[in-house]
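Residue numbers (the working numbering): 205 to 300.
Backbone N, C-alpha and C define an ideal beta-carbon position, used for all residues, glycine too.
This structure is a prediction, so every number in the text was calculated from the model and none was measured.
Report on one structure; see the data block that follows.
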């Protein structure tokens with residue numbers, strides 16, 4: 205059975221790229237995900253997930269950071285459909 209987590213945070217645009225947008229998972233939630241035994245993680249620590257923002261659901265990957273938390277990209281199709289801009293506050297549901 206899938207484990208569901210929800211969180212809220214601001215979207216940020218990667219200054220090093222022309223159009224990549226991300227959202228950070230906080231450290232507490234990231235720790236819960238790291239400890240979840242049924243997560244689908246590869247040897248690099250990338251975790252497969254299904255994300256939902258508004259009425260849009262998509263397959264994604266949670267990337268570990270040097271700060272110890274995970275970060276998730278917000279793909280262009282989702283940004284356009286949900287009208288997401290840099291610094292918008294989002295409510296996100298992720299399923300592992």
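* Asked: What whole-angstrom Cβ distance do residue 212 and residue 294 have, given they're in contact under 8 Å?
  -> In the chain shown, residue 212 corresponds to position 8, counting from 1. In the chain shown, residue 294 corresponds to position 90, counting from 1. Sure, about 7 Å apart at Cβ, within 8 Å.
* Under the three-state DSSP convention, the category residue 246 falls into -> Within the chain shown, numbered from 1, the residue matching residue 246 stands at position 42. The answer is coil: DSSP assigns residue 246 none of H, G, I, E or B.
* Asked: Does the region 252–259 touch the region 228–236, meaning 3 or more C-beta pairs lie closer than 8 Å?
  -> Result no; under three Cβ-Cβ pairs closer than 8 Å.
* Host alpha helix (DSSP H) of residue 286 (start-end) -> The residue given as residue 286 occupies position 82 in the chain shown. Element bounds for residue 286: 280–286.
* Asked: Can residue 298 and residue 209 be called in contact, C-beta distance under 7 Å?
  -> The residue labelled residue 298 in the question sits at position 94 within the chain shown. The residue labelled residue 209 in the question sits at position 5 within the chain shown. Yes; because the gap between Cβ atoms is below 7 Å, this pair is in contact.
* **Residues sharing a beta bridge with residue 299, DSSP** => On the chain shown, residue 299 is found 95 positions in, with the first residue counted as 1. Residue 299 pairs with 208, 254.
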